[in-house]
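So for the sequence shown, this note's numbering puts the first residue at 134; every next one is plus one. Ideal placement from N, C-alpha and C gives every residue a C-beta, glycine not left out. Below is one structure; the comments refer to it alone.
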Amino acid sequence: MKLESILLPVQNEMPLVIESLGNIADADFPQLADIARHVMGSLGKGIRPALTLLSGKFGHYDLDRLMPMAAAVELLHIASLVHDDTIDKSPLRRGLPTLNSIWGDSAATIVGDYLFAKSAELAATPGNLRVVRLFAKTLMAVAKGELEETLSIYNWQQSREDYFRRITGKTAALFAMAAESGAILSDGPEATIQALTDYGHNLGLAFQVVDDLLD
Numbered sequence: 134m135k136l137e138s139i140l141l142p143v144q145n146e147m148p149l150v151i152e153s154l155g156n157i158a159d160a161d162f163p164q165l166a167d168i169a170r171h172v173m174g175s176l177g178k179g180i181r182p183a184l185t186l187l188s189g190k191f192g193h194y195d196l197d198r199l200m201p202m203a204a205a206v207e208l209l210h211i212a213s214l215v216h217d218d219t220i221d222k223s224p225l226r227r228g229l230p231t232l233n234s235i236w237g238d239s240a241a242t243i244v245g246d247y248l249f250a251k252s253a254e255l256a257a258t259p260g261n262l263r264v265v266r267l268f269a270k271t272l273m274a275v276a277k278g279e280l281e282e283t284l285s286i287y288n289w290q291q292s293r294e295d296y297f298r299r300i301t302g303k304t305a306a307l308f309a310m311a312a313e314s315g316a317i318l319s320d321g322p323e324a325t326i327q328a329l330t331d332y333g334h335n336l337g338l339a340f341q342v343v344d345d346l347l348d
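Spelled out as structure tokens, the structure:
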């Protein structure tokens, strides 16, 4: 099944998510606004925010509650990429110069921090404490996964279990949060929330494995 087919049920909402992310670039600080606009210019297919919206279809679908969370999920992903590029000294991201290659590592790190904070603000917008806690746990899992990868980069004796533990934090945790938060905010049954969380987790694992194989 093609990605376009999967995203079809939320194709009308996805432009609203992109628009919401674009508004983040309208910061009071002109230089920050310029950098944010550059980041938003390299957005991907939006799989993670789409997963939040799609999960909302399994409950009482309320776009006003789901939209901030969908934007938060994508912004958290973007912030992690900014830090990734800075750590890896990457010159390009999707064919465009990275923040660190234009503005330097210090500015890129600070902008990444700002985007993390902004994504947390968006996640808190619906006013659901369970989702706020989920967001915090996910951010910690992502940081742990990234740190494990950084500290094990020259370890040639890593097992398959080590690899899957690392990508569980680095990638799968964010996919799982995307699905779980959408179900929670739509007041889905607990069994449905758990099923969608597991689906997001496994989708994230598969996504990262394929990405690593392509590299």
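Residue(s) in a DSSP beta bridge with residue i
i: R226; result: L229
Simplified DSSP assignment, three categories, for residue i
i: D88; result: The requested residue 88 is not part of the displayed model; the chain covers only 134 to 348.
i: N288; result: coil
i: T258; result: coil
i: K270; result: helix
Inter-residue spacing [alpha-carbon to alpha-carbon] between residue i and residue j
i: I180; j: Q290; result: 33 Å
i: V143; j: A253; result: 23 Å
i: L318; j: V264; result: 8 Å
i: L347; j: E282; result: 18 Å
i: V342; j: R299; result: 11 Å
i: G228; j: D345; result: 18 Å
i: D197; j: N288; result: 46 Å
i: L141; j: L184; result: 12 Å
i: T368; j: L209; result: There is simply no residue 368 to check, as the chain begins at 134 and stops at 348 in what is shown.
i: F162; j: R170; result: 12 Å
Cβ-based neighbour list, residue i, same chain, cut-off 8 Å, excluding 5 preceding and 5 following
i: L136; result: K178, I180
i: I168; result: L232, W236, A240, V244
i: S285; result: Q291, D295, R299
Same chain only: Cβ atoms within 6 Å of residue i, ignoring 5 sequence neighbours per side
i: P182; result: V150, A203, V206, E207
i: N233; result: D218, T219, A241
i: H193; result: S319, D320
i: A305; result: H334, G337, L338
i: D238; result: T219
Endpoints, the alpha helix (DSSP H) within which residue i is located
i: G179; result: Here G179 belongs to no alpha helix (DSSP H), and DSSP marks it neither H nor E.
i: H334; result: 323-347
i: L149; result: 147-157
i: H193; result: Looking at the DSSP string, H193 is not in any alpha helix (DSSP H), and its letter there is neither H nor E.
i: A309; result: 306-318
i: V172; result: 163-173
i: L136; result: 136-140
Same chain only: Cβ atoms within 7 Å of residue i, ignoring 5 sequence neighbours per side
i: S153; result: M200, A204
i: S223; result: T231
i: L267; result: M310, E313, S314
i: G155; result: M173
i: V275; result: S213, G302, K303, A306, L307
i: S175; result: R226, R227, L229
i: E146; result: L186, L196
Any non-hydrogen atom of the ligand ATP closer than 7 Å to residue i Cβ
i: A339; result: Only the bare structure without any ligand can be found here, which leaves the ligand ATP out of the picture.
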